[in-house]
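Working notes for the structure below.
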Amino acid sequence: MSTEAAAAEKPKRNYNALFGLTLLALLVLLWVILSVSTQSFASGNNISNLLRQGSMIAILAVGQTFVIITGGIDLSVGAVVGFATVIAAMLINAGVPVFLAILLTLLVGVAIGLFHGFGIVKMGLPPFIITLATLTSLRGIGLLMTNGNSISINNDAFQEFSRNSFIGVPNLFWMVILVGIPAYIFLHHSRWGRYLFSVGSNAEASRLSGVNVQRTIYMAYTLSGLCAAFVGVLLASRIGIGNPTQAEGWELQAIASSVIGGTSLFGAVGSVHGPLLGAFILATINNGANLLNVNAFWQRIITGVLIIVIVYFDGLRRRGK
Numbered sequence: 169m170s171t172e173a174a175a176a177e178k179p180k181r182n183y184n185a186l187f188g189l190t191l192l193a194l195l196v197l198l199w200v201i202l203s204v205s206t207q208s209f210a211s212g213n214n215i216s217n218l219l220r221q222g223s224m225i226a227i228l229a230v231g232q233t234f235v236i237i238t239g240g241i242d243l244s245v246g247a248v249v250g251f252a253t254v255i256a257a258m259l260i261n262a263g264v265p266v267f268l269a270i271l272l273t274l275l276v277g278v279a280i281g282l283f284h285g286f287g288i289v290k291m292g293l294p295p296f297i298i299t300l301a302t303l304t305s306l307r308g309i310g311l312l313m314t315n316g317n318s319i320s321i322n323n324d325a326f327q328e329f330s331r332n333s334f335i336g337v338p339n340l341f342w343m344v345i346l347v348g349i350p351a352y353i354f355l356h357h358s359r360w361g362r363y364l365f366s367v368g369s370n371a372e373a374s375r376l377s378g379v380n381v382q383r384t385i386y387m388a389y390t391l392s393g394l395c396a397a398f399v400g401v402l403l404a405s406r407i408g409i410g411n412p413t414q415a416e417g418w419e420l421q422a423i424a425s426s427v428i429g430g431t432s433l434f435g436a437v438g439s440v441h442g443p444l445l446g447a448f449i450l451a452t453i454n455n456g457a458n459l460l461n462v463n464a465f466w467q468r469i470i471t472g473v474l475i476i477v478i479v480y481f482d483g484l485r486r487r488g489k
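Numbered according to the working numbering, the sequence shown terminates at residue 489, and the numbering increases by one at each position without gaps.
Shown next as structure tokens:
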């Protein structure tokens, strides 16, 4: 069994590496084209702004990737981000130490992920339905908690973190590295990561092979909720307020980044580096379109076309196996 698994794993790794290099080349090509065609793209301020824009979606995309690999979907991550900004703001303004406020906010994200796992595993609800219900519910709960208002965060040090840089690189981008490295090790070099791929490939066969399918599903959605709550903390730091309506539509950007990064919506195919590159490709397209005064509607069309093309070729690849 180990010999067959190793033989099957080698072409998968080769494909992921080749696809990752292709994405990197595309990102570099976009940067070169925009540097030549615009005067301000290559400026330090614009690059820093682009990295900040892409960083939070990149972290969301990593969490979303864990779920998609299992054959699921998490439509709630944008709402979790907005809800987390409210929780963080209320705790900090109540005098809770910043570190503890962040930890408690992250635990809220974990709890939401566990709830999704419970709904899928124990209640038999489709992932689309349970996460869609959470999306709408969290927006409403957040609005009730704030009476429909924003909560200004009264802590300058907390707000300064997301606006500062370390050795010239924005702190938000360092958070991508902080999440990306352990996520890569977890997904590609641990048995738990292999379980995610196994469940996405064939849940019943995985169960018969001794994989705890239910626990694996809980794990995937918990990690997605944790990543979303972490992004909520970062967003609260960046904008200085808690508002449940923030991050509207970010779930679609996270899914798009993951898919553009090579994650298969059919499950069992994905990586960590792909969605990260996908997020920054989207951020670059949006940033460049703004600098070139391209209508915002076209930005959405371009993203949609990219998703269709990549999913189409993923389908061809699967049928060619």
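Every residue gets a Cβ at the ideal spot worked out from N, C-alpha and C, and that includes glycine.
Exercise for the section: Decide if the segment 416-428 is in contact with the segment 346-365; the criterion is three or more beta carbon pairs, one per stretch, under 8 Å apart. Expected result: no
Practice task
Would you kindly report the start and end of the unbroken alpha helix (DSSP H) that includes S405?
Solution key: It spans 381-407 - the alpha helix (DSSP H) in which S405 sits, taken as one unbroken run.
Practice task
For L479, name the three-state secondary structure that DSSP assigns.
Solution key: In the sequence under discussion, the amino acid at residue 479 is Val, which differs from the Leu named in the question. Reduced to three states, the DSSP call for V479 is helix.
Exercise for the section: Inspect the CB distances between the segment 349-357 and the segment 195-208 and report whether three or more fall short of 8 Å. Expected result: no
Exercise for the section: Check whether the segment 238-247 touches the segment 470-485, counting contact only when three or more Cβ pairs, one atom from each stretch, lie closer than 8 Å. Expected result: no
Practice task
Would you grab the beta carbon distance between V245 and S369 for me? Rounded to a whole angstrom, and I think it's under 8 Å.
Solution key: V245 to S369, Cβ: 24 Å. No contact.
Handout entry: Span separating the alpha-carbon of V276 from that of S333
Key = Our two residues, V276 and S333, have alpha carbons roughly 28 Å apart in a direct line.
Problem - Collapsed DSSP secondary structure at I319 in the structure displayed - result: In the structure shown, I319 adopts extended strand secondary structure according to DSSP, grouped into three states.
Practice task
Please look up how many angstroms separate the CB atoms of G430 and G442, rounded, as I've assumed it's under 8 Å.
Solution key: 4 Å
Problem - Residue nearest to G472 in terms of C-alpha spacing, selected from V462, L450, N455, L459 - result: L450
Problem - Local Cβ density within 10 Å of I476, reported as buried at 16 or more and exposed below that - result: exposed
Problem - Where the alpha helix (DSSP H) through Q221 begins and ends - result: Residues 212-237.
Practice task
Return the bridge partner residues of G410 from the DSSP annotation.
Solution key: Per DSSP, I319.
Handout entry: Beta-carbon proximity check, P282 vs A247, cutoff 8 Å
Key = The residue asked about is misnamed: residue 282 is Leu in this sequence, not Pro. Going by C-beta atoms, L282 is not nearer than 8 Å to A247.
Problem - Counterpart residues of F334 in DSSP-defined beta bridges - result: V337
Problem - Residue-chain proximity (L219, chain E), Cβ-Cβ < 8 Å - result: Within the model displayed, chain E is absent; a lone protein chain is all it includes.
Practice task
Could you tell me whether any non-hydrogen atom of the ligand HEM is closer than 7 Å to the CB of V278?
Solution key: Although the ligand HEM was asked about, the structure shown includes no ligands whatsoever.
Exercise for the section: Leaving aside the five residues before and after A173 along the sequence, list all residues of the same chain whose C-beta is less than 8 Å from its C-beta, in chain order. Expected result: Per-residue confidence for A173 stands at a pLDDT of 44, beneath the threshold of 50, marking its modelled position as unreliable; no derived number is given.
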